[in-house]
Structures are given as C-alpha cells and as structure tokens.
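A short worksheet on the structure shown next.
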Amino acid sequence: MTRLTGKLVRLRELTSADQPQLRELVNDPEVMRASSIYAPVSDVQQESWFRSAMQNPHARWFGIEDARGEPALVGTCCLVDIEWIGRTAELRVRLDRSAWGGGLGTDACELLLAFGFDDLNLERIGLRVWGRNTRAQRVYEKLGFVLEGRLRGAGFINGQRDDIVLMGLLREEWRAQKPSQ
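Just add 9 to the spot in the sequence shown (first one is 1) and you have this note's numbering.
Have a look at this one:
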C-alpha cells in the first residue's frame with residue numbers, strides 16, 4: 010500500500026472502509042461548490058463510483074489524513090486522466106471544510122506532485138479550477154503552476170456561469186523550484 014508523508018499530511022490509498030467519509034465529503038454542498046457541481050450522492054452511487062475509480066488504470070487516488078493527530082480522512086487527492094505514453098495527468102484535490110486554510114491542501118499537492126513526477130515519471134501535470142476560486146489559484150501558483158488558459162463562461166455552477174481556469178506544471182519547472190537535494 011502506497012503511503013506518502015509530508016509536513017502536515019499523510020497520503021494513503023483509499024479503501025472501501027473510507028466510503029462513508031467519502032460520501033459525506035461529496036454530499037457537503039460547501040465542499041463541492043469549490044470543486045464541481047453539487048448533486049447529492051446515494052450509497053449505491055458512491056459504491057459504483059468507488060469501484061470504478063479504484064479499478065481505473067489511468068488514475069491514482071489517495072486519502073488525505075492530518076499527520077498531526079489521529080488518522081482521520083480529511084480529503085482526497087488524485088492524478089486522473091493519466092496518459093502513460095505522453096506522460097501527463099490532471100491533479101484534483103478535495104478537502105473537508107475542517108481542513109481549509111491550514112496548509113493541508115498545499116502539503117497534499119506537494120506530495121502528489123512529487124509522486125507524479127518522481128514515481129510515475131510524468132512530464133506534465135495540469136489542473137482545472139473555477140475562475141472564482143482565487144484562493145485555490147493562489148495555492149497552485151505557489152506550487153509552481155502556470156496559467157495556461159481560461160475557458161470563459163465554460164462552467165455553470167450554483168446557477169451562475171463561471172470561467173474554467175487551466176493551469177499546468179512541467180517536470181523541469183517543478184525540479185527548478187525545488188531546493189538542491
């Protein structure tokens with residue numbers, strides 16, 4: 010089982026025992042407002058999604074735990090749409106409200122980037138973020154992501170149109186910003 014430990018978080022593979030917490034996370038409208046369109050998820054839908062996600066050879070999913078206390082799931086992060094020949098992927102992260110603003114998401118992303126570039130040998134990791142989610146955009150910029158484009162009015166969330174901001178990070182850029190090892 011893959012485990013990654015950072016300054017603030019531990020990333021571990023998701024298990025079927027995580028499904029109640031995962032369902033709770035995706036059924037929180039405030040959490041989902043930051044990452045996708047909110048629609049309540051049933052137990053059956055959660056189980057179906059979990060089976061599909063865990064069997065997908067083009068994705069690597071992790072549970073996020075706060076490393077400073079008892080192991081408890083506070084979110085998820087993943088690399089999806091992994092293109093093994095082109096060596097690219099898309100990063101996604103979702104945190105419980107209790108974990109917002111404390112650096113846990115940043116630490117989780119740092120671990121996931123290292124995993125993607127070092128362990129999976131990826132050359133590029135991209136992401137999509139809502140235009141109005143400027144807090145997340147600042148975190149991604151701090152991690153080295155570069156604005157690559159803006160799909161104006163391409164998203165519809167909570168009854169409003171929003172831009173989808175495209176950001177990307179190349180392995181060489183990521184390595185250049187890391188301290189000498």
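The beta-carbon is built from N, C-alpha and C at its ideal position, and this holds for glycine as well. The model shown is predicted, which means the values in this text are computed figures rather than measured ones.
- Item | Unbroken alpha helix (DSSP H) run spanning Glu181, endpoints | Indexing the sequence shown from 1 puts residue 181 at position 172. Unbroken alpha helix (DSSP H) run through Glu181: Arg180 to Gln186.
- Query: Whose C-beta lies closer than 8 Å to the C-beta of Leu136 among residues of the same chain, with five residues either side of it excluded?
  - Reply: In the sequence shown, residue 136 corresponds to position 127, counting from 1. Excluding positions up to five away in sequence, the list reads Glu99, Leu100, Arg101, Tyr149, Phe154, Leu175, Met176 and Gly177.
- Item | Sequence ranges, beta strand (DSSP E) only - wholly within the stretch 41-82, length at least 3 | 69-75
- Starting from Phe165, follow its DSSP beta bridges and name the residues at the other end. By one-based count along the sequence shown, residue 165 stands at place 156. For Phe165, which the question treats as bridged, DSSP gives the partners Arg170.
- Assuming Leu121 contacts Leu20 under a Cβ cut-off of 8 Å, what Cβ separation, rounded to an integer in Å, is found between them? The residue labelled residue 121 in the question sits at position 112 within the sequence shown. The residue labelled residue 20 in the question sits at position 11 within the sequence shown. The Cβ separation is near 7 Å, so the contact holds.
- Query: Taking contact to mean at least 3 C-beta pairs separated by less than 8 Å, is the stretch 81-96 in contact with the stretch 123-132?
  - Reply: yes
- Which same chain residues, not among the five before or five after Trp58, have their C-beta less than 8 Å away from its C-beta? Your numbering for residue 58 matches position 49 in the sequence shown. Around Trp58: Val50.
- Task: Only counting runs of 3 or more residues, tell me where the beta strand (DSSP E) segments fall wholly within the stretch 100-167, in order along the chain.
- Result: 133-139 and 155-166
- Query: Given 8 Å as the limit, is there contact between the stretch 104-112 and the stretch 152-171, that is, 3 or more CB pairs closer than that?
  - Reply: no
- Residues in its own chain within less than 7 Å of Gln190 by CB, not counting five upstream and five downstream? The count along the sequence shown starts at 1 and reaches residue 190 at position 181. Because the pLDDT at Gln190 is just 49, under 50, the model does not fix this residue reliably, and the point stays unresolved.
- Query: With burial defined as no fewer than 16 other Cβ atoms inside 10 Å of the residue's Cβ, what is the status of Trp93: buried or exposed?
  - Reply: For the purposes of this step, residue 93 is taken as the residue at position 84 of the sequence shown. Its Cβ having fewer than 16 others within 10 Å, Trp93 is exposed.
- Starting from Leu34, trace the alpha helix (DSSP H) both ways and give me its first and last residue. Here residue 34 refers to the residue found at position 25 when the sequence shown is read from its first residue. Residues Gln28 to Val35.
- Item | Buried or exposed (CB count within 10 angstroms, at least 16 for buried), Leu31 | Residue numbering aside, residue 31 sits at position 22 when the sequence shown is read from its first letter. Classification of Leu31: buried, given that the 10 Å Cβ count is 16 or more.
- Whole-number beta carbon distance between Leu152 and Glu119, since they are thought to touch under 8 Å: Against the sequence shown, residue 119 aligns to sequence position 110. Against the sequence shown, residue 152 aligns to sequence position 143. Their Cβ separation, rounded to whole angstroms, is 7 Å, which keeps Glu119 and Leu152 in contact under 8 Å.
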